[in-house]
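If you want the numbering used here, it's the 1-based position in the sequence shown plus 24. Positions of the beta carbon are idealized from the N, C-alpha and C atoms, including for glycine. Keep in mind it's a predicted model, so treat the numbers as computed, not measured. Single-structure report; data block below.
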Amino acid sequence: AVRSAVKRAANSNIDDDEKLEVKAVLKETIGKFWWNCNQASPILIEGRPTS
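This is how it looks when you write it as structure tokens:
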């Protein structure tokens, strides 16, 4: 699902609303990924991206 979202985001033909939706999905996915990593190893919090 994430890969298809990235491919859609890379497609210049889609509108801005869909780009924003894709960005939101990616941000949520990355947030969950980092949360899971931090639960497993709190040391990784230091390297967490702020954006």
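query                                                                                      : result
Whole-angstrom C-beta distance between Ala29 and Leu50, which should lie under 8 angstroms : 6 angstroms
Arg27 versus Ala48 - alpha carbon distance                                                 : 14 angstroms
Under the three-state DSSP convention, the category Asp39 falls into                       : coil
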